[in-house]
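S.K.: The opening position of the sequence shown corresponds to residue 67 in our numbering, with each subsequent residue numbered one higher.
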Amino acid sequence: MNFPSDLEIAENASIQHIKEIAQKINIDDDDLEYYGKHKAKIPLSYIDEEKVQQSKLILVSAVNPTPAGEGKTTVSVGLTDGLARIGKKAIAVLREPSLGPVFGMKGGAAGGGYAQVIPMTDINLHFTGDFSAVEKANNLLSALIDNNLQNKKHSLNIDPRTIVWKRVMDMNDRALRNIIIGLGGSANGVPREEGFNITPASEVMAILCMSEDFDDLKARLGNIFVGYTFDRKPVYAKDLKAEGAMAILLKDAIKPNLVQTLEGNPAILHGGPFANIAQGTNTIIATKTGMSLADYVVTEAGFGADLGAEKFLHIKCHYAGFKPAAMVLVTTVRALRYHGGAKKGEYEHPQYEAVKKGMENLRKHIENCIKFQLKPVVAINHFSTDDPQEIQYIIDECQAMGVKAILAEEFTKGGAGMEELAAEVVNATENYGNDFQPLYHINDTVVKKIEKIATEVYGADGVNFTPKAMADLKIIDDLGLGQLPVCMAKTQKSLSDDEKKIGRPSGFMITVREFEFAAGAGFVIPILGDMMRMPGLPNTPASEHMDIDRYGIITGLS
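Written as structure tokens, this is what we have:
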């Protein structure tokens, strides 16, 4: 199979200018803010709450992935193309890639094969500058905090030892996790411990994704918790009068980005929080924009359904009032081999017994979807190394559970390989009787919410809280944040908090090591296991295989 080259993709993009894509979804050409020929910003005025209520939202999630991922974005793009091919007005609404994974483990994150969003290179790199704007807004607050520490005229009396706000950059760099700043004498600031998170883990990114409009954005930015004064009074970004300037830096980033699929169908990419350390979904604004412009909106939630989908349903749906009309659960033969105990190097070879054992991971995710009253359609993302016997086994086992499993061949066939899946998804929106219900009540205690997720979604026997976590819980209650949703920070590789427990683990407890909280974004963050908010690069980063020639043609970025 010959796949499209970068030059062929560029040629396709030049044929389908973004204005033609906009016309498909009734956006006035004069309203677009162009970033070159092939991408543009959409004004917030296109959100129509009445149309939002009429549009059908399709949530795409997955089993716990192998390190390379199982192709949620590729399936989402292919499903959008498949819906268009069967005559539906559809749009993909996805997240923007982070440079950390692009240059680290996974490479590009704009789909693949014949199911890509384009211009792929731009999307994977700086795109329209949204990540840079988030980074600058975050670091402006950091600068204001450190400026205030040595401000004798307008000091807030902040205790440097209590500051929880960190700087960010959009790169995997473990050396920046814990640093000392302010060295070099009194003219260079107050020495203190500091650190960097990766940009997608910034609360500013979470706030961008949770905000409904500019007023909401400013209010949430102002509610960012910074630390305490020496007399133990809480300090927020609004006390530093930071929210206005931070919002100015986000004046363009708040607007959704319009691009297209390789088949010339519309796609909106906006926001990019990770699902293992943040909420893992695109912006509320982007989703509402898509639902205002199309009858079917395909969106994805990061990593496995135990992370991305759970957070989409408990956090994003809570704040935006969304109720998905259908859910697609992506699996691969490769992932089930992995969860069945196949060793590294064996994932690409037939392992029938491993697939049978690994099926338990998929089975648990299906059960979880049904607990949310969302009967899923299973998409078996096809790889050339799949064995027909293994595929048929998955289909048969899903059928025994009353669930339809369909082979997804978007990578090699584009939308043409997704028509059957698209038709079943339409059927799901009309006939499955989906009626999404959260697993916990928003007024439950933080502990009860965590226990509900741990036991119902992960399959744990219960939850342990370290002394540090218990002390953090008291702070959360004292600050009046106990009624917020919870955003679990957990490994994506396992249903448990131990990445080595593959498949469907049982007889385990999870441990909450400590808590963070995002008062502005509106959720509490239990930290499980060894999760870190600044990843490191692997031994062989994806960047080593990337290059650009004298004509500006980039290779290896896919």
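Ideal placement from N, C-alpha and C gives every residue a C-beta, glycine not left out. Predicted, not measured: the structure shown is a model, and the values here were computed from it.
Measuring CB to CB, does Ser142 end up less than 7 angstroms from Val168?
M.R.: Your numbering for residue 142 matches position 76 in the sequence shown. Your numbering for residue 168 matches position 102 in the sequence shown. Cβ distance not < 7 angstroms, so Ser142 and Val168 don't count as in contact.
S.K.: Tell me the DSSP secondary structure of Leu73 in three-state form.
M.R.: What you label residue 73 is simply residue 7 of the sequence shown in a count that begins at 1. Because Leu73 carries a pLDDT of 48, less than 50, the predicted location of this residue cannot be relied on, and the following value inherits that uncertainty. Here Leu73 sits in helix by DSSP.
S.K.: Consult DSSP for Gly144 and reduce its assignment to one of helix, strand or coil.
M.R.: For the purposes of this step, residue 144 is taken as the residue at position 78 of the sequence shown. Helix, per DSSP.
S.K.: Quick check on DSSP: helix, strand or coil for Gln182?
M.R.: For this step, residue 182 is matched to residue 116 along the sequence shown. Strand.
S.K.: Quick check on Met67: does DSSP put it in helix, strand or coil?
M.R.: Position 1 of the sequence shown, counted from the start, is the residue given in the question as residue 67. At Met67 the pLDDT is 44, less than 50, meaning the model places this residue with poor confidence and gives no usable figure here.
S.K.: Between the C-alpha atoms of Phe449 and Ile472, what's the straight-line distance to the nearest angstrom?
M.R.: For this step, residue 449 is matched to residue 383 along the sequence shown. For this step, residue 472 is matched to residue 406 along the sequence shown. Spanning the two alpha carbons is a distance of roughly 14 angstroms.
S.K.: Just checking, does the segment 415 to 434 make contact with the segment 148 to 158 on the three C-beta pairs under 8 angstroms criterion?
M.R.: With a cut-off of 8 angstroms, the segment 148 to 158 and the segment 415 to 434 do not count as touching, because too few Cβ pairs lie within range.
S.K.: Using DSSP with H/G/I as helix, E/B as strand and the rest coil, what is Ser609?
M.R.: Translated into the one-based positions of the sequence shown, residue 609 becomes position 543. Taken through DSSP and simplified to helix, strand or coil, Ser609 comes out as helix.
S.K.: Is Leu191 near the ligand GTP, with its Cβ less than 6 angstroms from a heavy atom?
M.R.: Absent from the structure shown: the ligand GTP. Ligands present: none.
S.K.: Below 8 angstroms, can you find three or more Cβ-Cβ pairs linking the segment 347 to 367 to the segment 380 to 394?
M.R.: The segment 347 to 367, when compared against the segment 380 to 394, does touch it at the 8 angstroms Cβ threshold.
S.K.: Rounded to whole angstroms, what is the Cα-Cα separation between Lys556 and Leu165?
M.R.: Within the sequence shown, numbered from 1, the residue matching residue 556 stands at position 490. Within the sequence shown, numbered from 1, the residue matching residue 165 stands at position 99. So the two alpha carbons sit approximately 21 angstroms from each other.
S.K.: Taking the alpha-carbon positions, what's the Val292 to Val399 distance?
M.R.: Translated into the one-based positions of the sequence shown, residue 292 becomes position 226. Translated into the one-based positions of the sequence shown, residue 399 becomes position 333. In a straight line, the C-alpha of Val292 is about 46 angstroms away from that of Val399.
S.K.: Using DSSP with H/G/I as helix, E/B as strand and the rest coil, what is Leu249?
M.R.: As a position in the sequence shown, residue 249 is number 183, starting the count at 1. Correct three-state label for Leu249: coil.
S.K.: Please classify Phe531 as buried or exposed, where buried requires at least 16 neighbouring CB atoms within 10 angstroms.
M.R.: Here residue 531 refers to the residue found at position 465 when the sequence shown is read from its first residue. By the 10 Å Cβ count, Phe531 comes out buried.
S.K.: Are Leu123 and Phe296 close, meaning C-beta to C-beta below 7 angstroms?
M.R.: Locating residue 123 in the sequence shown gives position 57, counting from the first residue. Locating residue 296 in the sequence shown gives position 230, counting from the first residue. It is not a contact, given that the beta carbons lie outside the stated cut-off.
S.K.: Can you list, in chain order, the residues of its chain with a C-beta nearer than 6 angstroms to that of Thr577? Leave out the 5 residues immediately preceding and following it.
M.R.: The sequence position of residue 577 within the sequence shown is 511, counting from 1. Asn530, listed in sequence order.
S.K.: Which residues mark the beginning and the end of the beta strand (DSSP E) in which Thr327 is found?
M.R.: Taking the sequence shown and counting its residues from 1, one reaches residue 327 at position 261. Unbroken beta strand (DSSP E) run through Thr327: Asn323 to Thr327.
S.K.: Buried or exposed: Tyr617, going by 16 or more other Cβ atoms within 10 Å of its Cβ?
M.R.: Against the sequence shown, residue 617 aligns to sequence position 551. Result: exposed.
S.K.: Thinking C-alpha only, which one of His415, Ile264 and Gly483 is nearest Phe197?
M.R.: The count along the sequence shown starts at 1 and reaches residue 197 at position 131. Checking every option, the nearest Cα to that of Phe197 belongs to Ile264.
S.K.: When the Cα of Arg286 is compared with those of Ala489, Ala308, Asn605 and Gly148, which residue comes out closest?
M.R.: Counting from 1 along the sequence shown, the entry for residue 286 is found at position 220. The option with the nearest alpha carbon to Arg286 is Ala308.
S.K.: Compute the distance between the beta-carbons of Arg429 and Tyr413, then report whether it is under 7 angstroms.
M.R.: On the sequence shown, position 363 is the one that residue 429 refers to. On the sequence shown, position 347 is the one that residue 413 refers to. Against a cut-off of 7 angstroms, the Cβ pair of Tyr413 and Arg429 comes out as no contact.
S.K.: Would you kindly work out how many angstroms separate the C-alpha atoms of Gln549 and Val590, rounded to a whole number?
M.R.: Numbered from its first residue, the sequence shown carries residue 549 at position 483. Numbered from its first residue, the sequence shown carries residue 590 at position 524. When rounded, the distance between both Cα atoms is 9 angstroms.
S.K.: Helix, strand or coil for Ile152? Go by DSSP, reduced to three states.
M.R.: The residue you call residue 152 lines up with position 86 of the sequence shown. Reduced to three states, the DSSP call for Ile152 is coil.
S.K.: What does DSSP give as the partner residue(s) for Lys107 in the beta ladder?
M.R.: Taking the sequence shown and counting its residues from 1, the one referred to as residue 107 is at position 41. Paired residue(s): Glu99 and Asn323.
S.K.: For the structure I just gave you, are there three or more beta carbon pairs, one from the segment 180 to 200 and one from the segment 352 to 361, closer than 8 angstroms?
M.R.: no
S.K.: If the criterion is Cβ atoms closer than 7 angstroms, does the pair Val443 and Lys470 meet it?
M.R.: The sequence position of residue 443 within the sequence shown is 377, counting from 1. The sequence position of residue 470 within the sequence shown is 404, counting from 1. Going by C-beta atoms, Val443 is nearer than 7 angstroms to Lys470.
S.K.: DSSP state of Asn263, grouped into three classes?
M.R.: In the sequence shown, counting from the first residue as 1, residue 263 sits at position 197. Of the three classes helix, strand and coil, the one that applies to Asn263 here is strand, per DSSP.
S.K.: Could you tell me whether the segment 337 to 346 touches the segment 260 to 277, using the rule of 3 or more Cβ pairs below 8 angstroms?
M.R.: yes
S.K.: To the nearest angstrom, report how far apart Ala106 and Ala175 are at their CA atoms.
M.R.: If you number the sequence shown from 1, residue 106 lands on position 40. If you number the sequence shown from 1, residue 175 lands on position 109. The C-alpha of Ala175 is placed about 19 angstroms away from the C-alpha of Ala106.
S.K.: Leaving out five residues on either side along the sequence, give the residues of the same chain with a beta carbon under 6 angstroms from the beta carbon of Ala386.
M.R.: On the sequence shown, residue 386 is found 320 positions in, with the first residue counted as 1. By the criterion of a C-beta distance shorter than 6 angstroms, Ala386 is surrounded in its chain by Ile350, once the five residues flanking it on both sides are discounted.
S.K.: Determine the direct distance from the alpha carbon of Asn92 to that of Glu77, and round the result to whole angstroms.
M.R.: By one-based count along the sequence shown, residue 77 stands at place 11. By one-based count along the sequence shown, residue 92 stands at place 26. Note that Glu77 has pLDDT 49, beneath the 50 cutoff, so the model's placement of it is unreliable and the number below is only indicative. Roughly 24 angstroms between the two C-alpha positions.
S.K.: Taking the alpha helix (DSSP H) that Thr353 falls in, what are its first and last residues?
M.R.: Residue numbering aside, residue 353 sits at position 287 when the sequence shown is read from its first letter. Segment Ile350 to Leu359, the alpha helix (DSSP H) holding Thr353.
S.K.: Report the start-end ranges of each alpha helix (DSSP H) in the segment 377 to 407 that is 4 residues or longer and not cut off at the edges.
M.R.: 383 to 386 and 399 to 405
S.K.: With which residues is Lys219 paired in a DSSP beta bridge?
M.R.: The sequence position of residue 219 within the sequence shown is 153, counting from 1. Partner(s): none; Lys219 has no beta bridge.
S.K.: Return the chain-ordered list of same chain residues with a C-beta closer than 8 angstroms to the C-beta of Tyr418, the five sequence neighbours on each side being excluded.
M.R.: For the purposes of this step, residue 418 is identified with residue 352 of the sequence shown, where counting begins at 1. Apart from sequence neighbours up to five positions away, the residues of its chain that approach Tyr418 with a beta-carbon distance below 8 angstroms are Asp453, Gln455, Glu456 and Tyr459, ordered along the chain.
S.K.: Quick check: the segment 196 to 212 against the segment 229 to 236, are at least 3 beta-carbon pairs closer than 8 angstroms?
M.R.: Yes, the segment 229 to 236 touches the segment 196 to 212.
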